[in-house]
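Enquirer: Quick one: the structure is below, questions incoming.
In my numbering, the protein residues as written are 898 to 1525.
Right, here's the structure in full:
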């Protein structure tokens, strides 16, 4: 029943795609004053059919309908309801259907909220968007159908990957997919802009809200994923330059560059070609990341839904998309004769763009290089944090300085004077850094430069907040909040990296370990039985002897029943000043347990900093809502 209903709804969605393509192409090719009314109706039907198909899949998971292969392979009757619902997109087929839903909804929203712009441009955008949607629907129907039927119907399912059995599964993928797939709108708009000659300031205004939306959701998606990896995977960190992490970060850098370039296009009507390139590149990287993850060629702890045959389809789709995008761009390319003064806001924004692209290139090479060496040289290598840190961290320093200076620059031409204020800010940053080193009793000259640069940005941004607040016309709250968030992010990452205390050791019940300022006692073991797993719970007492502070931590070893898997769950005590982080794992055939303890300063402020960055984007979006 659900299988037939789901397939029928997907088929109807495909039909609406073809109808919109026909109507949109007709509008682009023939003169007309308005978009046909039928397009609005068909687009609404498209979103409705798409959402209904996804709802049917969720019902299949909720009611454990194992006649659907996807439900059988990724669910179990003993799973809690939240994991049944979120498990519907915790697999390849379900996640692809969610992807298609976002594509369809964004297409309809663009149609509704872009009425102030040229109808041919809107029609061209819908045409491109629905061509993309058609490609993914065909892929879904013939290669990754979530409504494929199995007979005889099993009485029980295989269960969900235990790592995915976490509340974050309900938040992380939808946020990330909205960020990923949201970029399809300005990809489609860029193609339409080239075809219909819709450029300049109006084009910038038409895509600006959609770039902001996708950037916000991408930022929040990366944040939730980072928090999830921090506590679930037991690594005790927030970023490991894992290939799948990189796949989500690369489009974010391009989005950030695009956000700043749109400002130039809107204010000065320059950099149009560059904006088009960034629009095309963002969604291309999104599909590239999807290919890398789904093809199975990446070795990552984050990879849960991969299949080489599916990866081949995505690769073909990606290649065609890149090929036709380049052909259209070359054919419609128009040379723009303009000059940018070196000492101007335009030049600083362009400098920002090139740094973002440098970050992108570095991460792309680091992600792809192991694959190339494996294919071409039959040699397996790994590229980890030392590579990225060595190349990228030094570049952070000029970014921080530029972010402090750029808002004070002017359009067309500026005079940069090293003022007395700048000297005072530098001195203040050095003094604050010195105080921090004394309090935390550690020194690292490399990290110190990073911290001083971030404090420089923070102080300068606060000064801007005080000075510019008096002049309402020049008050740019979104920029101030986002830049403050970034300054705090780098500052707290630097502090966290330098002053983290870490210790690995083996203990058995009743033993105590003393090191530095800490006394860790393994008090006892307990058993905690849940619906879908049984947990061995360690009871630990952590005493900071100089401060006479005692904390209770309870790491777990979880044994899941469906599938039978063991995971190690961290126990984290979060405070404003630091996190206490403890994991334990059993040592086979012994009574000893391997204990990993970390004290991580200002961990919670890293999360807050990213939220601040995103809040700046949210304020920017609502300020520009009238331009959608």
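All C-beta atoms, glycine included, are put in the ideal place defined by N, C-alpha and C. Source: prediction; values computed, not measured.
Does the distance from the C-beta atom of residue 1173 to that of residue 1101 stay below 8 Å?
Expert: No, the pair does not count as a contact, with Cβ atoms beyond the cut-off.
Enquirer: Within 10 angstroms of the Cβ of residue 1251, are there 16 or more other Cβ atoms? Answer buried if so, exposed if not.
Expert: A residue is called buried when at least 16 other Cβ atoms come within 10 angstroms of its Cβ; residue 1251 does not meet this threshold and is exposed.
Enquirer: Considering only their Cβ atoms, is the gap separating residue 1070 from residue 950 smaller than 8 Å?
Expert: Cβ atoms of residue 950 and residue 1070: not closer than 8 Å.
Enquirer: As a quick exercise: from 1150, 985, 1494 and 954, pick the residue whose alpha carbon is nearest that of residue 1112.
Expert: 1150
Enquirer: Are the beta-carbon atoms belonging to residue 1378 and residue 1516 less than 8 Å from one another?
Expert: yes
Enquirer: For residue 1054 and residue 1062, what's the separation of their Cα atoms in angstroms?
Expert: Cα-Cα distance, rounded: 15 Å.
Enquirer: Taking the beta carbon of residue 1077 as the centre, do at least 16 other beta carbons fall within 10 Å, making it buried, or is it exposed?
Expert: That one is buried.
Enquirer: Out of curiosity, what's the CA-to-CA distance linking residue 1099 and residue 1008?
Expert: 16 Å
Enquirer: Can you find the residues in the same chain that come closer than 6 Å, C-beta to C-beta, to residue 1525, ignoring five residues on each side of it along the sequence?
Expert: The predicted model places residue 1525 with a pLDDT of 42, which falls under 50 and marks its position as unreliable; any figure quoted below should be read in that light. So the qualifying residues of the chain are 1010 and 1106.
Enquirer: Could you pull out every residue in the same chain whose Cβ sits closer than 7 Å to the Cβ of residue 1146, ignoring the five residues on either side in sequence?
Expert: 1119 and 1260
Enquirer: Taking only runs of the alpha helix (DSSP H) that begin and end inside the region 1417-1494, which ones reach a length of at least 4 residues, in chain order?
Expert: none
Enquirer: Kindly indicate which three-state DSSP category residue 1412 falls into: helix, strand or coil?
Expert: Three-state result, residue 1412: strand.
Enquirer: Under 8 Å between C-beta atoms, does residue 1444 make it to chain E?
Expert: The chain inventory of the structure shown lacks chain E, comprising one protein chain alone.
Enquirer: Should the region 1481-1494 be regarded as contacting the region 990-1006, the criterion being three or more beta carbon pairs within less than 8 Å?
Expert: no
Enquirer: In angstroms with no decimal places, state the Cα-to-Cα distance between residue 1085 and residue 1262.
Expert: Taking the CA atoms as reference points, residue 1085 sits about 27 Å from residue 1262.
Enquirer: With distances taken from CA atoms, which of 1509, 1469 and 1487 is nearest residue 1498?
Expert: 1469
Enquirer: Could you check whether the region 1433-1448 touches the region 1409-1424, counting it as contact only if at least three pairs of C-beta atoms, one from each stretch, sit closer than 8 Å?
Expert: yes
Enquirer: Over what stretch of residues does the beta strand (DSSP E) that includes residue 976 continue unbroken?
Expert: Per DSSP, residue 976 belongs to no beta strand (DSSP E) and is neither H nor E.
Enquirer: Check each candidate in 1476, 1052 and 1322 and name the one with the smallest Cα separation from residue 1127.
Expert: 1476
Enquirer: Mark residue 1287 as exposed unless 16 or more other C-beta atoms lie within 10 angstroms of its C-beta, in which case mark it buried.
Expert: exposed
Enquirer: Less than 8 Å between the beta carbons of residue 1043 and residue 967, yes or no?
Expert: Taking 8 Å as the cut-off, the beta carbon of residue 1043 is found closer than this to the beta carbon of residue 967.
Enquirer: Taking only the alpha-carbon atoms, compute the straight-line gap between residue 1249 and residue 1167 and give it to the nearest angstrom.
Expert: 16 Å
Enquirer: Closest by CA to residue 1039, which one among 1003, 984, 1391 and 911?
Expert: 911
Enquirer: How many angstroms separate the CA atom of residue 1258 from the CA atom of residue 995?
Expert: 29 Å
Enquirer: Nearest CA to the CA of residue 1058: which residue from 1507, 1456, 1467 and 1489?
Expert: Comparing Cα-Cα distances from residue 1058 to each of 1507, 1456, 1467 and 1489, the minimum goes to 1456.
Enquirer: Out of 960, 1083, 1395 and 1412, which one is the CA nearest neighbour of residue 1402?
Expert: 1412
Enquirer: Measure the CB-CB distance between residue 1504 and residue 1124 and report whether it falls below 8 Å.
Expert: yes
Enquirer: Check whether the Cβ atoms of residue 1093 and residue 1021 lie closer than 8 Å to each other.
Expert: Note that the C-beta distance between residue 1093 and residue 1021 is below 8 Å.
Enquirer: Which residues does DSSP list as the beta-bridge partners of residue 1046?
Expert: 965
Enquirer: Rounding to the nearest angstrom, what Cα-Cα distance links residue 1199 and residue 1187 in this structure?
Expert: Because residue 1199 carries a pLDDT of 49, less than 50, the predicted location of this residue cannot be relied on, and no value is offered for it.
Enquirer: Output needed for residue 939: all residues of its chain with C-beta closer than 6 Å, excluding positions within five of it in sequence on either side, in chain order.
Expert: Answer for residue 939: 913, 916 and 917, listed in chain order.
Enquirer: Which residues in the same chain have their Cβ closer than 8 Å to the Cβ of residue 1231, if we skip the five residues on either side of it in sequence?
Expert: 1170
Enquirer: Within the same chain, show all residues whose beta-carbon is closer than 8 Å to that of residue 1518, passing over the 5 residues directly before and after it, in chain order.
Expert: 1106, 1109, 1110 and 1113
Enquirer: Could you check what DSSP says for residue 1524 in three-state terms: helix, strand or coil?
Expert: Because the pLDDT at residue 1524 is just 44, under 50, the model does not fix this residue reliably, and the value given afterwards should be weighed accordingly. In the structure shown, residue 1524 sits in a helix (DSSP, three-state: H, G or I).
Enquirer: Measure the C-alpha to C-alpha separation of residue 1407 and residue 1495 and round it to an integer number of angstroms.
Expert: 21 Å
Enquirer: Three-state secondary structure (DSSP) at residue 1399?
Expert: strand
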